[in-house]
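In the working numbering, the protein residues as written are 146 to 1139. Heads up, the beta-carbon is just placed ideally off N, CA and C, and yes, glycines get one too.
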């Protein structure tokens, strides 16, 4: 049949479509004739076509040669080219692989002979950047971008009409059940074949009732990771290009999204809930109808099943096609992920994602309460949420916590203790977990303290009665009771029962599980993961009313289950809390509890805290809590009153510093400490100029901000600093002007700058720096740097100010103060953060002579800096640092962790350096170890992935390319190893293995 006739493919008539056999030499000949210049052809993979990347003699990409399968007619090819042009015109922000054309507008194409018959060859625009294909993890932003592009394509093609769309393709999801039926014999493994058949039947049963109401339109039908092209200059995958219109046809519009979603599921670390950003993004561009949301996930399953059987068929008929054969396990992975949760669960999740969430069913108070003789007033409801007082002092992570709390309630006189339905239980959260644990209950648990009988709450049918289990119809739903298998029901399966009939007798100390589910729902686990709670809970109902208790609102107990509620809290924050006070992460977990080196979210997920140097003792330390509560019961006022704690604290603090540093000022923060330190130095020296280091952050007050030159904290810092601030080079031995051994040049250069200032008539009154470069990621200053600079400052009558806010108080492990590493003694020391373990407390320590000079500037007073509570906190922190040997722990665990991180640097080229000492470490990420180009975007993506894996870590440095590793000093080697293990996993999943 001539190719220019109007004909289109019918897969079921044509059968197998092995790719046409075209060699690179033949491709070069075809392309040379079309382009009129010699080219080199590189074969590209394809399942049913022959594709080649064409380059000129210098290797510059020119175009893509696509030789269509001979079964595809010219009308189909013309439709594909027209659709590509349409999308390119409608969305100029997208790059589209349109056909190249002659000046007269005709396509650069010709008919060529292949072993399979005449085929159409044409030249398409080459899109640099590479596809999203491969196992690399897809971040939420990448997934959302895929959904956005898919939505734009769907909207652009909505009214596209063309004779070449009238095709019968194996990829058209309208034919998915038939494709599987005809090809599943190619799946040799019987268990896999059976799984594909069952999943197809179940999915088709969900789609078929809606089929007639699903909108039909032109669809690309292959907007997968293979055909969405990355933006060339982005260092993390963000698609903006579209290729391969070979599957263009008319089909269900929602199939466009289903195909795209399925392609995400084989990527490392991607599970079904993680494709929902694409659903939201698609819906924002091209809204889904109610019917489309009902069939979306069943269509994902049908696509996955079609991939499996089609891939096996293609491998069988085209054994030399490595593109097809290499995809087989990837396609099976897609199928496994698509079917890993029941269809109703995923459908409810999809509906939740687009704002059509189904709430759990409600139940009325039954004619007879389920447990005879047990009134609501006899029952204590246990609160096991993150915010519950019972979770204090690490109670959530104790073995048997739920049984202990229930026993306590019973001991206090309750006849029974019961848990809440749908409330995320912190007691189910392990302290360290790479996967969010199942914390959301789909029923309730009940502990009994006296004999109780279960009775029929409302007339129904006994569906199951066996030792340890009863199932009975309850209105339109099914009630399940689970209990020890030593208990035998008093009634048999199949019995019709009336309300009030006795079902079973339970002795004291019996534990029951009560659940209500829809009769046609799949088996519902007792506990589900928060990300999937919005999918599972609508299949259930709260059994509380069966006990005479009010039903709760489970959705509000589960952060991830109610996106609107979670977003509302962020919106409320932005409405009243100045947005310049940013928050970590674009969609942050809601953290409402901390314990030691763990942060706990409201969906009962425990995160390892790697960033909180504010709490060196660990979160919620009982010793701090007791000391503060005790002092608040007694007195809290200001330091102008006479009381012991301020004296005891300042004595202890001064004793930690060398002579002549013996006098203490107490303030509320590091910013105030640095501000006061500068004022002390200027006042004592009588010289108003200050020298500071670049790439440093010291605070937000006028003076501390003036000497802060970190470009991330203030992009205009170097251009806007006042005239009295002078900066010298950051003595960064890794990425500064002088590296390695040459870093010894920084000190003489700084000394020269100081001498020059003095010779110009402006001798500096102060030199301010961190003593261990914290803001730059824990980079140690070059040996002897401070000794030389301090000597120069003092020679000209100035004073030296050490900012110990981040690195002081034992965090460096080997040294309590950072200046000890440099073997110097500053004139003024500023400290905060660690002093209060989260309580606002800072200090400036100097000599009595310098302190007395301040009187010439006026009076100093800080309302709460030296209050009884602040002083008590400060004393307790020092006691605990000593008694728990936290400086020693910083040295030991820090040494172990740094060893682990250096081992990772040997495996991953993106790790440029491991900085730091003790538990102030920095992992610097670079794109190239020679140029040291900062891996800024990669670092941000890595932090997001680490959050998914249960670790809170954030970037620092002027380029935000350094992981700041400064956890509470109580962290142990188990947690340090977990951090290193998750870092290794994330780097692998993001494709950084060398």
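First through last residue of the alpha helix (DSSP H) which encompasses residue i
{"i": "residue 187", "result": "Careful: residue 187 lies outside any alpha helix (DSSP H), inside the beta strand (DSSP E) at 185–189."}
{"i": "residue 850", "result": "847–851"}
{"i": "residue 480", "result": "473–483"}
{"i": "residue 862", "result": "862–865"}
{"i": "residue 909", "result": "Premise fails: residue 909 lies in the beta strand (DSSP E), 909–915, not in any alpha helix (DSSP H)."}
{"i": "residue 408", "result": "399–409"}
{"i": "residue 285", "result": "285–302"}
{"i": "residue 1100", "result": "From DSSP, residue 1100 is part of no alpha helix (DSSP H) but of the beta strand (DSSP E) over 1099–1101."}
{"i": "residue 344", "result": "335–352"}
{"i": "residue 998", "result": "993–998"}
{"i": "residue 195", "result": "Unbroken run through residue 195 is the beta strand (DSSP E), 195–200; no alpha helix (DSSP H)."}
{"i": "residue 975", "result": "Taken as a continuous stretch (DSSP letters only), residue 975 belongs to no alpha helix (DSSP H), being part of the beta strand (DSSP E) at 973–976."}
Span separating the alpha-carbon of residue i from that of residue j
{"i": "residue 243", "j": "residue 233", "result": "8 Å"}
{"i": "residue 911", "j": "residue 827", "result": "7 Å"}
{"i": "residue 229", "j": "residue 241", "result": "6 Å"}
{"i": "residue 619", "j": "residue 515", "result": "11 Å"}
{"i": "residue 921", "j": "residue 965", "result": "19 Å"}
{"i": "residue 459", "j": "residue 163", "result": "7 Å"}
{"i": "residue 412", "j": "residue 284", "result": "10 Å"}
{"i": "residue 602", "j": "residue 696", "result": "16 Å"}
{"i": "residue 1016", "j": "residue 789", "result": "9 Å"}
{"i": "residue 1113", "j": "residue 741", "result": "7 Å"}
{"i": "residue 1037", "j": "residue 989", "result": "29 Å"}
{"i": "residue 606", "j": "residue 589", "result": "22 Å"}
{"i": "residue 391", "j": "residue 430", "result": "24 Å"}
{"i": "residue 667", "j": "residue 302", "result": "38 Å"}
{"i": "residue 416", "j": "residue 400", "result": "20 Å"}
{"i": "residue 656", "j": "residue 593", "result": "6 Å"}
{"i": "residue 491", "j": "residue 673", "result": "13 Å"}
{"i": "residue 157", "j": "residue 298", "result": "27 Å"}
{"i": "residue 343", "j": "residue 337", "result": "10 Å"}
Local Cβ density within 10 Å of residue i, reported as buried at 16 or more and exposed below that
{"i": "residue 638", "result": "exposed"}
{"i": "residue 382", "result": "buried"}
{"i": "residue 720", "result": "exposed"}
{"i": "residue 129", "result": "Limits of the chain in this structure are 146 at one end and 1139 at the other, which puts residue 129 out of reach."}
{"i": "residue 1008", "result": "exposed"}
{"i": "residue 1118", "result": "exposed"}
{"i": "residue 1006", "result": "exposed"}
{"i": "residue 304", "result": "exposed"}
{"i": "residue 1095", "result": "buried"}
{"i": "residue 335", "result": "exposed"}
{"i": "residue 705", "result": "The predicted position of residue 705 is uncertain, since its pLDDT is 39 and thus under 50; no value can be drawn from it."}
{"i": "residue 168", "result": "exposed"}
{"i": "residue 847", "result": "exposed"}
{"i": "residue 984", "result": "buried"}
The beta strand (DSSP E) enclosing residue i, as first and last residue numbers
{"i": "residue 646", "result": "Neither: residue 646 is in no beta strand (DSSP E) and is coded neither H nor E."}
{"i": "residue 542", "result": "Note, residue 542: premise wrong, no beta strand (DSSP E); not H, not E."}
{"i": "residue 1109", "result": "1107–1110"}
{"i": "residue 925", "result": "Unbroken run through residue 925: none, as it is neither H nor E."}
{"i": "residue 384", "result": "384–387"}
Residue i CB to nearest heavy atom of the ligand ATP below 7 Å
{"i": "residue 531", "result": "Absence of the ligand ATP from the depicted structure is noted, as is the absence of any ligand whatsoever, leaving it without description."}
Inter-stretch contact (C-beta, 8 Å, three-pair minimum) for the segment 212–231 and the segment 293–313
yes
So, does the segment 1008–1026 touch the segment 1101–1112, judging by three or more C-beta pairs under 8 Å?
Verdict: no, contact absent.
Do three or more CB pairs link the segment 600–620 to the segment 476–486 at distances below 8 Å?
no
Any chance the segment 819–833 sits against the segment 848–861, with 3 or more Cβ pairs inside 8 Å?
yes
Does the segment 721–741 come close enough to the segment 543–561 to have 3 or more Cβ pairs within less than 8 Å?
no
Would the segment 1045–1052 count as touching the segment 801–815 if we require 3 or more Cβ pairs under 8 Å?
no
Counting pairs of Cβ atoms below 8 Å between the segment 345–357 and the segment 260–278, do you hit three or more?
no
Report yes or no: do three or more beta-carbon pairs, one from the segment 361–375 and one from the segment 270–282, lie closer than 8 Å?
yes
With a threshold of 8 Å, are at least 3 pairs of Cβ atoms found where one atom belongs to the segment 320–327 and the other to the segment 177–193?
no
Within the segment 737–787, ranges of the alpha helix (DSSP H) (whole runs, at least 4 residues):
Runs found: 767–779.
Would you be able to state if there are at least three C-beta pairs under 8 Å between the segment 497–515 and the segment 356–365?
no
Inter-stretch contact (C-beta, 8 Å, three-pair minimum) for the segment 468–476 and the segment 385–400:
no
Using 8 Å as the threshold, is the segment 888–899 in touch with the segment 931–938, meaning 3 or more CB pairs across them?
yes
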